[in-house]
Ligand code: KG4
Ligand code: ZN
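Residue numbers (full-length UniProt numbering): 1 to 330.
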């Protein structure tokens with residue numbers, strides 16, 4: 001049995017997890033910085049980096065204690081090495097390097113996006129390559145053809161905002177607070193999804209990408225007009241976002257008939273309406289729909305440990321000179 005320690009610190013969650021090569025989660029500790037950033041309505045990079053420094057080592061010690069293990073029992077240490085807020089990424093990566101050096105174990109520098117991309121295989125051990133992945137988070141909105149570990153084809157990306165960013169900005173415009181996604185979803189359940197006419201950027205076009213900036217501007221105009229309720233605007237925004245995600249995803253499912261499943265990952269995958277729509281789309285294409293449990297969709301340590309386990313199984317380790325990367329496309 002191999003055991004991988006995974007560290008995550010690229011945004012506003014700090015996490016440490018222990019995962020085995022066959023996908024057993026032995027421990028997972030997570031600290032969220034939501035309260036620190038709430039007064040500012042978004043993540044403040046300097047505050048985030050300092051908070052990661054304060055909690056990461058206790059989280060590692062806590063995870064080892066939960067699993068009844070010592071650092072010496074771990075086979076490799078995986079740490080997010082990017083992309084993300086560089087201060088936070090450096091905290092996790094340097095901690096990972098120090099632990100790897102102290103314990104004499106290999107380091108695995110994990111791409112945060114690869115963590116999200118492979119997390120469905122931790123949730124469902126029967127999931128086989130290639131699969132169609134919709135990766136929707138605060139920083140990303142991509143359709144990826146996942147052909148194997150380290151073998152990803154990016155079929156579509158956003159030309160402006162990420163899906164989660166659109167939810168966060170809509171929440172801010174509507175005075176719903178931070179973090180925005182869950183607040184918009186809650187308001188949307190009370191509103192009429194067809195109450196406010198909003199655009200569906202790029203839908204039906206030959207262009208494969210996503211775009212949410214025009215939708216956000218239309219939400220701003222609707223909010224300023226003052227003629228619609230907050231709940232109706234939230235519901236109509238969410239419906240427009242869903243229509244965009246479905247149209248773009250369907251386009252790629254038509255072009256890639258050999259995929260084994262439609263898979264969703266990233267923080268926006270916590271949205272029940274989006275999950276429901278994707279499940280319907282998968283059924284229409286006769287494909288299984290795989291969505292990790294909610295806690296595995298948002299940033300966490302288990303997905304980093306698991307991506308580390310998948311890489312370690314292929315002999316892919318990294319040197320202690322691996323530099324943190326603020327940008328790192330898959
Ligand atoms: O993957 P994640 O935890 O962090 C990264 O961006 O890497 O995703 C966070 C994003 C935020 O933009 C948040 O508003 C969004 O996911 N989100 C949601 C929901 N829960 C979180 N968006 C829509 N509906 C939700 N229920
Ligand atoms: Zn993420």
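The beta-carbon is built from N, C-alpha and C at its ideal position, and this holds for glycine as well. Note that the coordinates shown come from a computational prediction; the quantities given were computed from them, not determined experimentally.
I'd like the span of the beta strand (DSSP E) that includes residue i, first residue to last.
i: residue 224; result: Run containing residue 224: none in the beta strand (DSSP E); it sits in the alpha helix (DSSP H), 213-225.
i: residue 142; result: 141-148
i: residue 8; result: 3-8
i: residue 19; result: 13-20
i: residue 166; result: Note, residue 166: premise wrong, no beta strand (DSSP E); alpha helix (DSSP H) at 163-173.
i: residue 86; result: No beta strand (DSSP E) holds residue 86; the alpha helix (DSSP H) holding it covers 86-103.
i: residue 311; result: Taken as a continuous stretch (DSSP letters only), residue 311 belongs to no beta strand (DSSP E), being part of the alpha helix (DSSP H) at 302-313.
i: residue 209; result: Taken as a continuous stretch (DSSP letters only), residue 209 belongs to no beta strand (DSSP E), as it is neither H nor E.
i: residue 109; result: 107-111
i: residue 28; result: 25-32
i: residue 135; result: 131-136
i: residue 155; result: 151-156
Which one of the options has the shortest CA to CA distance from residue i?
i: residue 37; options: 192, 179, 307 and 249; result: 179
i: residue 310; options: 21, 289 and 171; result: 21
i: residue 185; options: 271, 295, 241 and 119; result: 271
i: residue 199; options: 326, 187 and 220; result: 220
i: residue 126; options: 111, 322 and 260; result: 260
i: residue 226; options: 319, 174, 143 and 79; result: 174
i: residue 334; options: 84, 95, 65 and 43; result: No statement about residue 334 is possible, as the shown extent of the chain runs from 1 to 330 and does not include it.
i: residue 66; options: 44, 83 and 25; result: 25
i: residue 73; options: 326, 4 and 247; result: 4
i: residue 302; options: 15, 124 and 164; result: 15
i: residue 68; options: 76, 216, 40 and 17; result: 17
i: residue 341; options: 218, 28, 47 and 231; result: With the chain covering 1 to 330 only, the question about residue 341 has no answer from this structure.
i: residue 64; options: 6, 40 and 97; result: 6
Is residue i near the ligand KG4, in the sense that its beta carbon is under 7 Å from a heavy atom of that ligand?
i: residue 165; result: yes
i: residue 81; result: no
i: residue 141; result: no
i: residue 130; result: no
i: residue 184; result: yes
Which residues bound the alpha helix (DSSP H) around residue i?
i: residue 50; result: 45-67
i: residue 276; result: 272-284
i: residue 245; result: 230-255
i: residue 180; result: 180-188
i: residue 294; result: 294-297
The ligand ATP heavy atoms versus the CB of residue i: any closer than 7 Å?
i: residue 111; result: In terms of ligand content, the structure shown lacks the ligand ATP and carries the ligand KG4 and the ligand ZN instead.
By C-beta, the residues closer than 5 Å to any heavy atom of the ligand ZN, given in chain order | 137 and 299
Counting pairs of Cβ atoms below 8 Å between the segment 267-285 and the segment 88-99, do you hit three or more?
-> no
Below 8 Å, can you find three or more Cβ-Cβ pairs linking the segment 221-238 to the segment 188-203?
-> yes
The segment 301-319 touching the segment 108-119, judged by at least three CB pairs closer than 8 Å | Verdict: yes, contact present.
Validate contact between the segment 127-144 and the segment 246-266 using beta carbons, cut 8 Å, 3 pairs | yes
Does the count of Cβ pairs from the segment 153-160 and the segment 203-215 closer than 8 Å reach three?
-> yes
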